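Numbering (UniProt numbering), first residue to last: 1 to 209.
Idealized CB from N, CA, C, for every residue including glycine.
No experiment lies behind these values; they were computed from the predicted model shown.
Reading through the structure tokens given below for one structure.
Rendered as structure tokens:
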């Protein structure tokens with residue numbers, strides 16, 4: 001998928017662009033965004049430095065393009081919650097397990113995005129737009145669960161969905177940079193927040209996948 005910050009439209013089979021992103025991905029697995037040397041990344045990709053700038057305005061734009069490669073995984077995580085089978089705790093845990101697993105597999109990319117989004121309004125917008133793209137589906141889920149008598153009434157579903165997604169954003173940041181809680185503790189705590197906020201219930205081990 002082409003990043004909104006690409007300087008040129010990507011064409012099917014554009015191997016040079018893919019080679020640049022692959023080289024940048026390998027670089028970020030070893031070091032942070034601040035150390036990225038565009039000339040060296042281009043050399044590793046087998047292209048010229050000018051070729052990098054043909055596709056991307058700067059390294060932040062290239063990082064955004066790398067993140068967009070994960071969108072299919074993100075959609076799958078969302079489907080686990082909104083269209084998956086099983087009880088609410090099962091679906092919530094499936095969603096969080098998928099989300100945390102994706103973050104752990106691509107930790108270097110999440111770290112890079114955290115580094116650049118603070119200084120790049122465009123990249124920050126891409127991050128925020130990706131998160132906001134899931135508000136409607138989760139809000140629809142909340143409305144449906146309330147209509148079916150499976151969840152209590154409360155705050156506007158769109159507002160609740162937005163806040164829960166912001167919460168997930170913070171969990172991914174903490175998982176990426178580290179903190180006093182390990183991944184399993186964060187997942188358990190996040191599940192409790194989601195389940196109590198939407199369903200007014202307390203999680204139990206027997207419901208977990």
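Around the beta carbon of residue 150, fewer than 16 other beta carbons sit within 10 angstroms, so the residue counts as exposed.
Of the residues 45, 131 and 114, the one whose Cα lies closest to the Cα of residue 162 is 131. Straight-line spacing of the CA atoms in residue 117 and residue 127 works out to 8 Å. Rounded to the nearest whole angstrom, the CA to CA distance from residue 106 to residue 73 is 11 Å. When only Cα atoms are considered, residue 45 and residue 25 end up about 11 Å apart.
In this structure, DSSP gives residue 167 a helical state, which the three-state scheme calls helix. Around the CB of residue 37, fewer than 16 other CB atoms lie within 10 Å, so the residue is classed as exposed. Annotation: the continuous alpha helix (DSSP H) that includes residue 125 extends over 121-132.
Comparing C-alpha distances from residue 65 to each of 109, 47, 102 and 78 shows the shortest one belongs to 109.
Comparing alpha carbon positions, the residue from 187, 197, 194 and 58 closest to residue 120 is 58. Following the DSSP letters along the chain, one finds residue 198 inside the alpha helix (DSSP H) bounded by residues 183-198. Annotation: residue 70 is outside any alpha helix (DSSP H) and is labelled neither H nor E by DSSP.
Counting the other Cβ atoms within 10 Å of the Cβ of residue 180 gives fewer than 16, which makes it exposed. Note on geometry: alpha-carbon atoms of residue 166 and residue 53 lie some 33 Å from one another. Nearest neighbour of residue 164 by Cα position, chosen from 199, 42 and 47, turns out to be 199. For residue 104, the uninterrupted alpha helix (DSSP H) run begins and ends at 88-105, by DSSP.
With contacts defined as CB atoms closer than 7 Å, residue 76 and residue 94 fail to qualify as a contacting pair.
Counting other Cβ atoms within 10 Å of its Cβ, residue 152 stays below 16 and is therefore classed as exposed.
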